[in-house]
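Okay, so here's the structure we're looking at.
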Amino acid sequence: MSLGTFVGACFGMLMTVLRFPVVAHLALMSAVIVAGLALCVRDIPAGFGRREAVDRGAVAPAPVAAPWRDTRLLLLGGVILALAMAEGTANDWLPLIMVDGHGFDAAWGSAAFAVFALAMTLGRFVGGVFVNRFGRAAVLAASALVGAVGMAGVVFVDHQPAVVASVLLWGLGASLGFPVALSAAGDTGRETTGAETASRVAFAATIGYIAFLVGPPVLGIVGEHFGLRQAMLLVLVLVLVAVLLTPAARTVRPAREPEPEPVEKSDRV
């Protein structure tokens with residue numbers, strides 16, 4: 017998704033430089049998307065995603081615990097909420113912040129968003145190496161801190177090259193928050209397979225998509241009264257709080273069963 021966003025941002029910057037009509041641009045992109053979907057749909061196997069009918073006489077599955085009662089999962093939800101807000105805010109408002117808040121022209125505002133999308137792409141391509149080496153909690157904490165530094169630069173710094181560097185840090189910091197925290201959410205239950213894992217991942221993903229959908233409009237309303245750069249302070253505070261919640265992403269290892277005591281050999285023949 018991030019790679020596609022980067023390609024789209026570069027194409028949008030080119031269209032802005034060429035002063036291509038917005039309506040024609042949207043119509044062209046809609047046609048490309050529909051054509052791409054038509055090509056992909058025909059390669060989906062027949063019956064993909066269909067479930068077999070459940071025998072009513074079979075033994076009913078064990079009830080699944082409500083995910084919102086798990087404190088650790090709620091803490092992870094807070095991490096997802098903050099870092100999804102950081103990502104969604106950039107997707108919706110970053111070019112306008114660059115233009116209205118830092119004096120970039122429209123093309124360079126799009127270029128700044130392309131920098132953000134490129135940083136997201138790089139972070140998600142190479143982030144797995146750091147997760148495997150340092151663990152999910154440490155990587156999430158570092159990501160949130162890097163993202164907070166980047167957002168602080170966008171809010172408080174008025175030097176344009178420094179702002180672009182801050183956007184790069186913002187993208188790197190936001191890149192791993194949603195996928196890594198979502199992965200950790202699946203491991204929060206006592207059982208890590210089946211319906212319980214699915215319900216926990218679905219609950220965490222819902223929190224993230226609420227942040228994607230609700231957060232940017234709220235920031236837009238705040239930005240109307242105080243300015244978009246000042247509205248970014250809300251997201252910055254959330255990301256700093258998320259740093260304190262990242263220990264919830266630590267992998268909980270099951271307790272080892274005690275080893276059986278060795279049987280003494282008898283001297284009898």
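For the sequence shown, the numbering used here gives the first residue as 17, with consecutive numbering after it. Yeah, the Cβ is synthetic: ideal placement off N, Cα and C, and Gly gets one too. Since the model is a prediction, treat every value here as computed from it, not as a measurement.
(message) Please report the distance separating the alpha-carbon of ALA164 from that of GLN246.
(response) The alpha-carbon atoms of ALA164 and GLN246 are separated by roughly 14 Å.
(request) Within the same chain, show all residues whose beta-carbon is closer than 6 Å to that of ALA238, passing over the 5 residues directly before and after it, in chain order. (result) A quick correction: the sequence has Val, not Ala, at residue 238. Once the five neighbours on either side are set aside, the close Cβ partners of VAL238 are ALA247.
(message) At the level of alpha carbons, what is the spacing between LEU286 and GLY20?
(response) Since the first residue of the chain shown is 17 and the last is 285, residue 286 is not available in this structure.
(request) Determine the DSSP secondary structure at PRO37, reduced to helix, strand or coil. (result) DSSP places PRO37 in coil when its eight states are reduced to three.
(message) If you reduce the DSSP assignment to three classes, tell me which class LEU192 lands in.
(response) Note: LEU192 maps to coil in three-state DSSP.
(request) Could you check the C-alpha separation between VAL155 and VAL147 for me, to the nearest Å? (result) Between VAL155 and VAL147, the C-alpha separation is close to 6 Å.
(request) Determine the DSSP secondary structure at VAL173, reduced to helix, strand or coil. (result) Secondary structure of VAL173 (DSSP, three-state): coil.
(message) So for PRO61, helix, strand or coil by DSSP?
(response) Coil.
(message) Rounded to whole angstroms, what is the Cα-Cα separation between PRO98 and PRO232?
(response) Residue identity check: residue 98 is Ala in the sequence provided, not Pro. Rounded to the nearest angstrom, the two C-alpha atoms are 12 Å apart.
(message) Using the Cβ count rule (16 or more neighbours within 10 Å means buried), how would you classify SER159?
(response) Per the 10 Å Cβ criterion, buried.
(message) Suppose you measure from the CA of PHE36 to the CA of ILE49; what does that come to, to the nearest Å?
(response) C-alpha separation (whole angstroms): 19 Å.
(request) Can you tell me which of the three DSSP states GLY166 falls into? (result) When secondary structure is reduced to three states using DSSP, GLY166 falls in the helix class.
(request) Would you grab the beta carbon distance between VAL38 and ALA128 for me? Rounded to a whole angstrom, and I think it's under 8 Å. (result) In fact, because the Cβ distance is near 19 Å, the residues do not count as touching under 8 Å.
(message) Whole angstroms are fine: how far does the CA of PHE120 sit from the CA of THR32?
(response) For the pair THR32 and PHE120, the Cα-to-Cα distance works out to about 13 Å.
(request) Would you please state the rounded distance, in angstroms, between the beta carbons of ARG140 and PRO61? I believe it to be under 8 Å. (result) The Cβ separation is near 27 Å, so there is no contact.
(message) According to DSSP, simplified to helix, strand and coil, what is ARG266?
(response) It is coil, neither helix nor strand.
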